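First to last, the sequence lines map onto chains A and B. So the mapping is simple: our numbering equals the position in the first sequence, first residue as 1, plus 35. So the mapping is simple: our numbering equals the position in the second sequence, first residue as 1, plus 35.
2 protein chains.
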Amino acid sequence: MRASDRAYASLRDDIIEWRLAPGTVLAEVEQSERLGISRTPLREALGRLTAEGLTTAGGRGVVVTGISLEDIDELFELRETLEGKAAALAARRGDPATFEGLQRELLNAPQLISGNHPALHDYYELVGRLDTAIDAAISNSYLAQAMRSLRVHLVRIRRLAADDACRLAAAAAEHAAIAEAIAAGNPKLAEAATVLHLHRSLSHIKATHASPPKEHHG
Amino acid sequence: MRASDRAYASLRDDIIEWRLAPGTVLAEVEQSERLGISRTPLREALGRLTAEGLTTAGGRGVVVTGISLEDIDELFELRETLEGKAAALAARRGDPATFEGLQRELLNAPQLISGNHPALHDYYELVGRLDTAIDAAISNSYLAQAMRSLRVHLVRIRRLAADDACRLAAAAAEHAAIAEAIAAGNPKLAEAATVLHLHRSLSHIKATHASPPKEHHG
DNA sequence: GGTCGAGATTATGTATACAGAAGTCTTGTG
DNA sequence: CACAAGACTTCTGTATACATAATCTCGACC
Chain A
36 MRASDRAYAS LRDDIIEWRL APGTVLAEVE QSERLGISRT PLREALGRLT
86 AEGLTTAGGR GVVVTGISLE DIDELFELRE TLEGKAAALA ARRGDPATFE
136 GLQRELLNAP QLISGNHPAL HDYYELVGRL DTAIDAAISN SYLAQAMRSL
186 RVHLVRIRRL AADDACRLAA AAAEHAAIAE AIAAGNPKLA EAATVLHLHR
236 SLSHIKATHA SPPKEHHG
Chain B
36 MRASDRAYAS LRDDIIEWRL APGTVLAEVE QSERLGISRT PLREALGRLT
86 AEGLTTAGGR GVVVTGISLE DIDELFELRE TLEGKAAALA ARRGDPATFE
136 GLQRELLNAP QLISGNHPAL HDYYELVGRL DTAIDAAISN SYLAQAMRSL
186 RVHLVRIRRL AADDACRLAA AAAEHAAIAE AIAAGNPKLA EAATVLHLHR
236 SLSHIKATHA SPPKEHHG
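This is the structure we're talking about:
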């Protein structure tokens, strides 16, 4: 693996997991020394992060982007548009069997979650498989790409919302409804189920953070 | 201006204007010598182009991306989703006076176009102002960013469709309808006018290219 | 005492040198 | 004559050295 790829993955992870706070300046010499590489591959990594919107190239050095409450609203507005359309397209073009299987798994998810130690990883992996299945079903690489670039920010937001077992179970049911609608080949229903799920998710995030979270564009 | 910026702008223009054909390999030494810069800023430029989707970083060297008929369909599918939503949001949040002015200008556009030498530049500049006004009105930087990344590819497609004066006049009328709906504060109408315009544009492009254009991902 | 300016310092932007990998051409053998 | 193996060529990936620009600080002058 290339050094620039490692640097990119490392920094991306640090930003998404909030180990690098918004507003942090990523000086080239400092970071290249920290990661044990030279400035050249680091610059490529920073360029990719900036293209994704995780950092901004303001004046001197690149700084870690913040996420304000307005950003979350904007993000979900776009997300509703893209994922709603994607769900509708998947219902038209997807393979029903695939989504029937995912629906079954999602209906079983709450049982796994309510166990002793909530297996967040398993749940997120399952949701990720649903996302991947939708991406493949829509047969639209540009739409898929747009959603992928959104998901980076959403994962970041997810860390802000302390997902309890209750919300996870509800979310699993909502995802199951989406999968069911897609499997049934019903575009309108798939879009409606998606919109519903996203509104619930956004409400949950906002309720969790009645007090404003870390603020905004560094 | 930085050397990497100049290289990026130059290559981007060459690709959009089809001076660099799809499938062309952009070797680093070759291009850096052609542009009179060193490999370092050139690599940054290539990275930006690849992030935008104008080039792909397959195996050895980056190659200029192609646009197939399927790509155009996918592109317009996403475009309909994003611009439809944007028009609806602009109708809700935009300043009516701005769009009334744009509507008036667009209604006068056909007179300018039907002159001796069709002033394509003026028309495209006017449409660009409408896009900019919508971007500003929606108050959603993520949606605006998604549309900006789309427009790069659309400009490229525009060069494939030989826009005659007749089509330009019709397009101006369609744009005027969009501006009118936004000025009227009618989201559903604005979205409908946008969807109508995009379908007409796509039909025109497809009719122009009954014979398949340059094909596919390089 | 405050403010403006010049110098120093440090960071980014660029060029170049080096290393590793991949592809191609050539040559030898079956 | 065809196929395979090896060396050579060439390209990308990385490191480092140098240039340039911006910022911070210190000092002088008002």
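Glycine included, each C-beta is placed from N, C-alpha and C at the ideal position. The model shown is predicted, which means the values in this text are computed figures rather than measured ones.
{"Asked": "Please report the straight-line C-alpha distance between residue 41/A and residue 173/B, rounded to a whole angstrom.", "Found": "37 angstroms"}
{"Asked": "Check this for me: beta carbons of residue 112/B and residue 143/A, under 9 angstroms apart or not?", "Found": "no"}
{"Asked": "Is there a C-beta anywhere in chain B that falls below 9 angstroms from the one on residue 175/A?", "Found": "yes"}
{"Asked": "Please compile the residues from chain A whose C-beta is within a distance smaller than 7 angstroms of the C-beta of residue 120/B.", "Found": "116"}
{"Asked": "With DSSP as the reference, label residue 195/A as helix, strand or coil.", "Found": "coil"}
{"Asked": "Cα separation between residue 90/B and residue 97/B?", "Found": "6 angstroms"}
{"Asked": "So, does the CB of residue 61/B fall closer than 9 angstroms to a CB anywhere in chain A?", "Found": "no"}
{"Asked": "Mind pulling the alpha helix (DSSP H) runs of 4 or more residues that sit fully within the region 127-193 of chain B?", "Found": "131-148, 155-173, 176-193"}
{"Asked": "Reducing DSSP to helix, strand and coil, say where residue 92/B ends up.", "Found": "coil"}
{"Asked": "Does chain A have any CB closer than 9 angstroms to the CB of residue 263/B?", "Found": "Past the boundaries of the shown model lies residue 263/B; chain B is included only from 36 to 253, so the question cannot be answered."}
{"Asked": "Assuming contact is defined by CB atoms lying nearer than 9 angstroms, are residue 123/B and residue 179/B in contact in what I supplied?", "Found": "no"}
{"Asked": "So, residue 239/A versus residue 102/A, is the Cβ gap smaller than 9 angstroms?", "Found": "no"}
{"Asked": "Return the chain-ordered ranges of every beta strand (DSSP E) run that is complete within the region 48-117 of chain A and spans a minimum of 3 residues.", "Found": "97-99"}
{"Asked": "For the region 71-86 of chain B, enumerate the residues whose C-beta is nearer than 8 angstroms to any C-beta of chain A, in chain order.", "Found": "75, 78, 79, 82, 83, 86"}
{"Asked": "On a Cα-Cα basis, can you pick out the residue from 134/B, 78/B, 157/B that is closest to residue 215/B?", "Found": "134/B"}
{"Asked": "Using beta-carbon positions only, say whether residue 45/B and residue 81/B come within less than 9 angstroms of one another.", "Found": "no"}
{"Asked": "Please report the distance separating the alpha-carbon of residue 39/B from that of residue 61/B.", "Found": "15 angstroms"}
{"Asked": "Here's the rule: buried if 16 or more other CB atoms are within 10 angstroms of the residue's CB, otherwise exposed. What is residue 50/A?", "Found": "buried"}
{"Asked": "So, at 8 angstroms on beta carbons, what are the nonlocal neighbours of residue 213/A in its own chain, with the 5 sequence-adjacent residues on each side left out?", "Found": "122, 165, 225, 228, 229, 232"}
{"Asked": "Can residue 51/B be considered in contact with the ligand GDP, in the sense that its beta carbon sits closer than 8 angstroms to one or more heavy atoms?", "Found": "The ligand GDP is not among the ligands present in this structure, which contains no ligands whatsoever."}
{"Asked": "Can you check whether the CB of residue 207/B is closer than 9 angstroms to the CB of residue 148/B?", "Found": "yes"}
{"Asked": "Among the residues of its own chain, which have a CB less than 6 angstroms from the CB of residue 99/B, if the five just before and after it don't count?", "Found": "50, 55, 57, 59, 90, 253"}
{"Asked": "Check whether the Cβ of residue 185/A lies closer than 9 angstroms to any Cβ atom in chain B.", "Found": "yes"}
{"Asked": "Can you give the Cα-Cα distance for residue 131/B and residue 137/B, rounded to whole angstroms?", "Found": "10 angstroms"}
{"Asked": "Any residues in the region 226-237 of chain A with a beta carbon nearer than 7 angstroms to a beta carbon of chain B? Which ones, in chain order?", "Found": "none"}
{"Asked": "First and last residue of the alpha helix (DSSP H) that includes residue 225/B?", "Found": "222-243"}
{"Asked": "Go through its chain and collect everything with a Cβ distance to residue 162/A's Cβ below 7 angstroms, but skip five positions before and after it.", "Found": "210"}
{"Asked": "Can you tell which of 190/B, 67/B, 198/B, 218/B has its C-alpha closest to the C-alpha of residue 107/B?", "Found": "190/B"}
{"Asked": "Name the residues in the region 179-211 of chain B whose C-beta lies less than 7 angstroms from a C-beta of chain A; which are they?", "Found": "181"}
{"Asked": "Can you give me the Cβ contacts of residue 52/A inside the same chain, cut-off strictly under 8 angstroms, excluding the 5 residues immediately before and after it?", "Found": "194"}
{"Asked": "For residue 67/B, which residues from the same chain have a beta carbon less than 7 angstroms from its beta carbon, with the 5 sequence-adjacent residues on both sides left out?", "Found": "73, 74, 77"}
{"Asked": "Can you tell me which of 223/B, 87/B, 95/B puts its alpha carbon nearest to the alpha carbon of residue 47/B?", "Found": "87/B"}
{"Asked": "Taking the C-alpha atoms as reference points, what is the distance between residue 219/A and residue 128/A?", "Found": "11 angstroms"}
{"Asked": "Quick one: what does DSSP say residue 205/A is sitting in, helix, strand or coil?", "Found": "helix"}
{"Asked": "List the residues of chain B whose Cβ lies closer than 7 angstroms to the Cβ of residue 113/A, in chain order.", "Found": "175, 177, 178, 181"}
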